[in-house]
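In what follows, a single structure is set out as structure tokens and then discussed.
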Amino acid sequence: MLKRALALCVLTAFSAGCAALGSLPRGSSLRLSEFVNEGDPARRASMRLTLNGLDEDAAGHFDQARASYEQALRVDPLNPYAYLALARHYAPGPYPERTESYLQQTEALLTAQDQLDDRARAHIVGLRGQALWTQGYSAEASSYLRQARHLAPGVWEDGRLDAAELR
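In the numbering used here, the protein residues as written are 131 to 297.
Now the structure itself:
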């Protein structure tokens, strides 16, 4: 029942988001460092852990990065950006199939917190496309990646989101 409610919420958010494409300047990109000082103490601590995870990912320390993201979610399980960072972590492999559940959490939380905008959508659809591409679903992936390139061409031109680009 909860999964159905979440799926309906995500579908509604996505369809509403598609209608609003272009409402922000084309090419603006979501950077998680913008949010490090926002929210209550738990959110700020969770964001610092998320940014630390992105630094670890960028340095190639994948186990440490994942541990940092998971700790961020223990500190604040409602932090949509920690879920987004985990989705980015898994999209290129070796477990791209894990990406979708983290993207669904990201969308649902951003929607509930009234923070889902085109900058976040660019990364959500792009990571969905990147994960599908990694799994070998190139035709389906292309549609998502094309949409991400439209929303944030400077970031998604190469079809992937690096940790440094999200940081």
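All C-beta atoms, glycine included, are put in the ideal place defined by N, C-alpha and C.
Residue burial is scored here from C-beta neighbours: R204 has fewer than 16 other C-beta atoms within 10 angstroms and is therefore classed as exposed.
Distances from the CA of G256 to each of N182, S176, L291 and L162 were compared; the closest alpha carbon is that of L291. No Cβ-Cβ contact shorter than 8 Å links A175 with D187. Counted as a single uninterrupted DSSP element, the alpha helix (DSSP H) harbouring F192 occupies residues F192 to V205.
L275: member of the alpha helix (DSSP H) spanning S268 to L281, first to last residue. Judged by beta-carbon spacing, T236 lies within the 8 Å limit of P210, meaning their Cβ atoms are closer than that value. Y211 sits in a helix when the DSSP states are folded into three classes. V166 sits in coil when the DSSP states are folded into three classes, being neither helix nor strand. In the DSSP annotation of this structure, P222 is not part of any alpha helix (DSSP H), being labelled neither H nor E.
The segment 264–276 makes no contact with the segment 176–186: fewer than 3 CB pairs, one atom from each, lie closer than 8 Å. Membership of G289 in any alpha helix (DSSP H) is not indicated, and neither H nor E is assigned to it by DSSP.
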